[in-house]
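Down below is the structure, laid out as structure tokens.
2 protein chains.
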Amino acid sequence: MERFPLKRSSMSIPLHSPITYQSVNKDKYENGGGADLGGADDDMIDINTNGGGDRTMPRSHEDEHLSYSVSFSGLHETNDIPGIGQYEDFHTIDWQRDIARDRMRHRYIVKKKQDSLWNLIEGAHDAWSGWLCVLIVGVLTGCVAGVIDIGASWMTDLKFGICPQAFWLNQEQCCWSTNETTFDVLNCSQWLTWSEVLGQAREGVGPYIISYLFYIVWALLFAALSASLVRMFAPYACGSGIPEIKTILSGFIIRGYLGKWTLIIKSVGLILSVSAGLSLGKEGPMVHIACAIGNILSYLFPKYGRNEAKKREILSAAAAAGVSVAFGAPIGGVLFSLEEVSYYFPLKTLWRSFFCALIAAFVLRSINPFGNEHSVLFYVEYNKPWIFFELVPFIGLGIIGGVIATIFIKANIYWCRYRKYSKLGQYPVTEVLVVTVITAVLAYPNPYTRMNTSQLIYLLFSQCGISNSDSLCDYNRNFTDVNSAIEIAAAGPGVYKAMWLLMLALIFKLIMTVFTFGMKVPCGLFIPSLCLGAIVGRIVGIFMEQLAYNYPKNPIFSGECSTGDDCITPGLYAMVGAAAVLGGITRMTVSLVVIMFELTGGVRYIVPLMAAAMASKWVGDALGRQGIYDAHIAINGYPFLDSKDEFAHTSLAADVMQPKRNGTLSVITQDSMTLDDVEQLLKETEHNGYPVVVSKESQYLVGFVLRRDLSLAIANEKRMVDGICGQSLILFTTTNPVQTLGPPPLKLKKILDMAPITITDQTPMETVVDMFRKLGLRQTLVTHNGRLLGVITKKDVLRHIKKMDNEDPNSVLFN
Amino acid sequence: MERFPLKRSSMSIPLHSPITYQSVNKDKYENGGGADLGGADDDMIDINTNGGGDRTMPRSHEDEHLSYSVSFSGLHETNDIPGIGQYEDFHTIDWQRDIARDRMRHRYIVKKKQDSLWNLIEGAHDAWSGWLCVLIVGVLTGCVAGVIDIGASWMTDLKFGICPQAFWLNQEQCCWSTNETTFDVLNCSQWLTWSEVLGQAREGVGPYIISYLFYIVWALLFAALSASLVRMFAPYACGSGIPEIKTILSGFIIRGYLGKWTLIIKSVGLILSVSAGLSLGKEGPMVHIACAIGNILSYLFPKYGRNEAKKREILSAAAAAGVSVAFGAPIGGVLFSLEEVSYYFPLKTLWRSFFCALIAAFVLRSINPFGNEHSVLFYVEYNKPWIFFELVPFIGLGIIGGVIATIFIKANIYWCRYRKYSKLGQYPVTEVLVVTVITAVLAYPNPYTRMNTSQLIYLLFSQCGISNSDSLCDYNRNFTDVNSAIEIAAAGPGVYKAMWLLMLALIFKLIMTVFTFGMKVPCGLFIPSLCLGAIVGRIVGIFMEQLAYNYPKNPIFSGECSTGDDCITPGLYAMVGAAAVLGGITRMTVSLVVIMFELTGGVRYIVPLMAAAMASKWVGDALGRQGIYDAHIAINGYPFLDSKDEFAHTSLAADVMQPKRNGTLSVITQDSMTLDDVEQLLKETEHNGYPVVVSKESQYLVGFVLRRDLSLAIANEKRMVDGICGQSLILFTTTNPVQTLGPPPLKLKKILDMAPITITDQTPMETVVDMFRKLGLRQTLVTHNGRLLGVITKKDVLRHIKKMDNEDPNSVLFN
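Protein chains in written order, with the UniProt record's numbering: chain A, 1 to 815; chain B, 1 to 815.
Written as structure tokens, this is what we have:
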């Protein structure tokens, strides 16, 4: 391999006399003004190190390619050493390395494609496996979502009564089979409430108490089952899962978090906890469920299953599918995945997410669990466009939403922290049962909290028309014709009563959700927050409507209200309010607006929704820095490097790197350490990787080797090669040492990462943080004038950020 | 500053005897298994270089901060040297450097905020200036778009006739003032065609010829004016501008491309060229106009105007606003900016783009240039949902769309290349006139090509209802009631005639657009491609409709058609076809679907649109790799590193870097070169920057200095410091040289980038390309074991990619 095995003895130069040196090389450096790369003109670069012996490296083009292919096929071979390329639990992945591995694999397949028909098919399969995988993920997500929707709907109704002819039908389906032609399809004679089952009448105090008791008992039963299942089989199945999904997608390993048990228990537990009537939604956990499906299916395709970075492409798409089925909002799902959960989101993933979300929404629509024609969850249609002045109350709703969201986040985080560090955390099932009893007891008397939260949102969003008999629509007006415009009217007593009940419901839901979100059952936050906002919005809307009724000629209504038509739609205010609170809690903006209009079909209301979402986000950001998910990530100490935060401090890489000035950096030399030395090092230190240098004295960087790879490779070599003993040299070079005496060396160049990312010690930390985020680094090596000074890991960066923000740096738990 | 001014004379160590050295440092290196950073434990790091003299660098924490603040305030001071931090025309920007500069500026303001009230206001202004800037950009974009819409609409109608009472009204507005109560608002007596103005009748051969001639003359006049304006005042105002915007956003400087003259001429020229009836749209150029507005306004805010990287945040938002006003699609605009044009798109920019697009759409809606109630351009409402089987023709439309798009792109690129390299390119005005005459002569006889392209699209999208009198709706059916469902019916002779005319229109438009797009007038591609697709779609739709009419009981229609209702909506096919062709030409996916449904209000048709868009994109990608914009970027040789392409070759950084093995690398030493040496180097080489090394012999990297900064700084020092002569040393170190004899040195540390991005020579090119894309690099330095080997610039990367793809690497023109 070495075409010019010329070895030059390096000159020893007194460092204080540069002139001496220049005179030695005078002919080369002094004539001609152009700068000159030392030694490059004779096809050789003298790797002139201070004390580590000299090496010459051939620089001819062919040799390079040879060594390149060797090193790559070498890396390919390392797949033979079992476990190489995998990660430990609760560790950060190295995106660059995984993506490089995938490219190698890809090239290998492309190269083999010409060989035989089978390889050609294999190549085609490989090329399409990404699309195929997201297709299956989409289909399965749609199916699981359908099952959950049907199950939750049936069990929610089971709390109130049963369909004796066919117990597997929910109230709505039960009433479909009846022939009664009444408007009130939900009060048919086929459906028996529990008091009727027991032979009581439908109305009256006795039956009310019986129904009340049945409601509480069923709720307790469901909640107990849900909490026990989670506790016994899958502790990871609790919560919404979105903070963890965000962390996992940012490149972190939590084994089992997306496993099959979590999937099963989360799905079942979700049905149960939703049915228990707790103040939670099933939309957030749907993202977790979809990601679990994505994770499990990715193992069918080794391209994704065996490569953590590639797997995250599938998971991003699955997250989009999760939101897509949760709200029937495929585009909102893609944007949610992009804006909120994903970290590494190349355009290819955008398209796959889009496809996956589409398939999932389509499958769910085909299953049609709700049995209605519109594929959108809260389909609304308003007669009137909004008028310019209404932007003021809309922005006002945004501000209120931001305030409510901040109160919620602060209270919830306080409670979760209390739960985590107090005795309460040891009794998760008891906690769930207590909260369930309180929820059930308080919720039943108020019709707005008794009903399903989704139904309540739908009611609040909807326009008061001829078919709407709720007391919320008790206006003093007569409907003459279905087609004519609805006249504006004074609110009747029903409306005022409803407003009081809604205010109570608001307070009740706000408090209960604070205690519920974070309990050890599957629980999402979207529906409760939408509901909070919808209540506030509806109240503001009714207020505005009555204002317009009383002062129709006021110029602020631009004459729209003087015709006597209903110019203000309280339902629109509910929609805007819902967006404001959800936006304040999650800090979504674009995805939120898209979800809202996919949810309601209201394309014309983008401006009000956007105005409220922006106002809410600004207020939220001003009052408390983090959204709920980021706050939960911080509580759990996950190593999440938020791509939204700006790093605003004046530090240099030198301030953050390890070791600090009194520490020592653990390094491995490229060809002078024995097996004993290395094993000693592995025993005494706990770093996840070690830089490989030319020699300990010179500290010129050669590469980087991971602890895990090193242990595995040593074990493998010990098994495969005879004669390995403690005195065997560990070699990271390709050249054999001259002396062949002594025990055989361990040649580990194949596990050496020859292209570690390096920075100089003067690099500002903003740039370093940017590199960690954008390149998905796990660590970077810090050099000064070519010499290795230290290492910065993701954990170091996170701790430094916490320290700068005057938070506890030790709250970053994992690496 | 130096707390420990201890200077150790470095030992000179014979390199072949590591043992000697180890024995010297035995106590330090042999006890304890942990590796040790040489010298780190005595608070000092000995920057032990081979020949460049020794330096000791204090490593105490305080000192570091001090030197840090010095170096940064130093960099701040460099703003005094005029022109530093700016770029030459046709050069690539360095994102990291610009962003670092902005952070410094930001910190400076934050620090000063406590000083006085004025500084506090300044700080608040700075914090809000981004939002303020995009607000003004949004408002102005909306206004300009309104003016263009009104102007184009008036001048388009001017080709046909005039409103004598008020010549500034277009036909529609003219007819509003009439009291006639006819359905056909576009044929009122207030509006006079040119033949009527000349005293002729409205119908007949003579008047037809007069109108024909007037049409051609007006078209020629408009086109000539447009082309001459562009040629004389703003050559950059031609074309759609999107390829250039993409390149500029990826970090390239084209001075004047977004200047005020371009803005004015492009706006006026756009009105003229649209009115000339050429086969072009005004939507693409609207993006260019919006970006020009963004660029001009960014100069009001030095934060953005004086920082090219930050300016691009405003430009991204402006691009979103451009699409937003072009289609009335704010969310589509944001996604277009994200998916298609932007390069660096942090979430903050997403929110700002969203805000900007919203404001622009809102302002345009308030101006209401079209005078209709719906804010959406082609608002459609279909009675029937689509049925499952229809996915087959939808995907078929996607495939046809992909094929048409590929034909269009290949033909257009061929023609543009021909224009570029032949004599044709020298006569742009003549070319425009010839194309205009051909277009006008051929377009007038066919009613579908005579009408405004937007009107044609709207007609093709719309459902045949009672109010639609076009021959396209000539079905054998009677409308009994407005509210009852439309029955399915056999097509009448009018439909068949319309189909023939549409086919002719398709061929005509396809051919004319190939010749038109790329001419030296402002011309967009969205509307022509939507139109091509809508024609194909409508034809397929009518075919499907008649199939359903003839075979209503066929199971593929799932029984939907057996009731006699119109189960197939040809307008929906037109919409899907339009999306397919536009998707094939531009390769948009998510943004396309969002634009389509914002354009039409058809939220329920996401699945068909998505299916067609994906099919079209796949077919397009299979037949030809590039979308139209990327192809135009390649023709023009812009240095655009596409973030969509995957780099699939096995090369290492060492293969790509300059110099190749026989070349020499131009470097500057940190403290041993004189002014003459450096000026000689600047004269003899043309690099945009030079690495600074410890010494020419050791090649250990210290930093990087830009050619431009170096020239400016030398000129500045010459002006400011007395006694500078050719023998003055150029120092990039902070320590003064010991001997103070001789001429004063030039201290240039303040212009030295101490944190250049470096990679090792073994880094795979995929990683390098990734770093260039994600970090927005201009160049990276290649090292091996700490020594500098070479430089890779963006141009080198692009040339290498071209070479690997067997294309001409010299087609990359700029750096």
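Built from N, CA and C at the ideal position, the CB exists for glycine as well.
- Distance from I542 (chain A) to V495 (chain A) at the Cβ level is roughly 6 Å; contact confirmed, criterion being Cβ atoms closer than 8 Å.
- E339 (chain B) belongs to the set of residues whose beta carbon lies under 9 Å from a beta carbon in chain A.
- For the set A:P528, A:I162, A:E283, the Cα lying nearest the Cα of W218 (chain A) is the one of A:I162.
- A124 (chain B) counts as exposed, since fewer than 16 other beta carbons sit within 10 angstroms of its beta carbon.
- Short of 7 Å from the beta carbon of P744 (chain B), and not among the five residues preceding or following it, lie these beta carbons of its own chain, in chain order: V721, G723, I724, S728.
- Neighbours of I367 (chain A) in chain B, taken as residues at a C-beta separation under 9 Å, are lacking, since the least C-beta distance is about 13 Å.
- In this structure, the beta-carbon distance from V144 (chain B) to I293 (chain B) falls below 9 Å.
- For a cut-off of 8 Å, the C-beta gap from F515 (chain B) to V435 (chain B) is around 6 Å, short enough to register as a contact.
- Taking C-beta atoms under 8 Å as the contact rule, A318 (chain B) and A290 (chain B) qualify, at a distance of about 4 Å.
- Residue burial annotation: S316 (chain A) is buried, with at least 16 other C-beta atoms found within 10 angstroms of its C-beta.
- Nearest in C-alpha terms to A622 (chain B), of all of B:A405, B:Y236, B:E196, is B:A405.
- Under the three-state reduction of DSSP, L748 (chain B) is assigned to coil, being neither helix nor strand.
- Spatial neighbours of G151 (chain A) in its own chain (CB-CB distance under 6 Å, excluding positions within 5 residues in sequence) are listed in chain order as I271.
- At a beta-carbon threshold of 7 Å, the residues of chain B lying near L358 (chain A) are V607, M610, ordered along the chain.
- The DSSP assignment places 260-275, 283-298, 302-305, 308-327 as complete runs of the alpha helix (DSSP H) inside the segment 254-334 of chain A, in order along the chain (cut-off: 4 residues).
- Taking 9 Å as the CB threshold, Y700 (chain B) lines the interface with chain A.
- E244 (chain A) has its alpha-carbon roughly 45 Å from the corresponding atom of V812 (chain B).
- The C-beta of L347 (chain A) comes closer than 9 Å to at least one C-beta of chain B.
- Taking 8 Å as the cut-off between beta carbons, the residues of the UniProt domain "CBS" (752-809) of chain B near chain A are M754, A755, P756, I757, T758, I759, T760, Q762, T763, P764, E766, T767, D770, M771, K774, L775, T783, H784, N785, G786, R787, L788, L789, G790, in sequence order.
- When 8 Å is used as the limit between beta carbons, I331 (chain A) is near these residues of chain B: V590, V593, V594, I606, in chain order.
- Under DSSP, I457 (chain A) shares a beta bridge with no residue.
- Counting along the chain, R787 (chain A) sits inside the beta strand (DSSP E) bounded by residues 787-793.
- Between I507 (chain B) and C561 (chain B), the beta carbon gap of about 32 Å keeps them out of contact (Cβ cut-off 8 Å).
- Sequence-distant partners of F461 (chain B) (beyond 5 residues in either direction) whose C-beta falls short of 7 Å from its own C-beta, in its chain, are F378, V380, A534, G571, A574, M575, T600.
- G142 (chain A) places its beta carbon 9 Å or farther from that of A320 (chain A).
- M286 (chain B) is classed as buried because its beta carbon has at least 16 other beta carbons within 10 Å across all chains shown.
- For the 9 Å CB-CB criterion, I265 (chain B) and A237 (chain B) form a contact.
- In the displayed model, F704 (chain A) falls within a strand according to three-state DSSP.
- Listed along chain A are T767, D770, each with a C-beta nearer than 8 Å to that of Q96 (chain B).
- By the neighbour-count criterion, in which 16 or more other beta carbons inside 10 Å mark a residue as buried, Q165 (chain A) falls on the exposed side.
- One alpha carbon belongs to M503 (chain B), the other to I539 (chain A), and they sit about 56 Å apart.
- With respect to the 9 Å criterion, I585 (chain B) and G537 (chain B) are not classified as neighbours on the basis of their beta carbons.
- Of the candidates A:Y700, A:N446, A:T767, A:L132, A:T767 places its Cα closest to the Cα of A100 (chain B).
- For the segment 545-567 of chain B, no residue has a beta-carbon sitting nearer than 7 Å to a beta-carbon of chain A.
- Chain-order list of chain B residues neighbouring T586 (chain A): empty, with the shortest C-beta distance near 13 Å, by a criterion of under 8 Å.
- With a cut-off of 8 Å on Cβ pairs, the segment 351-365 of chain A is in contact with the segment 606-618 of chain B, counting three or more such pairs.
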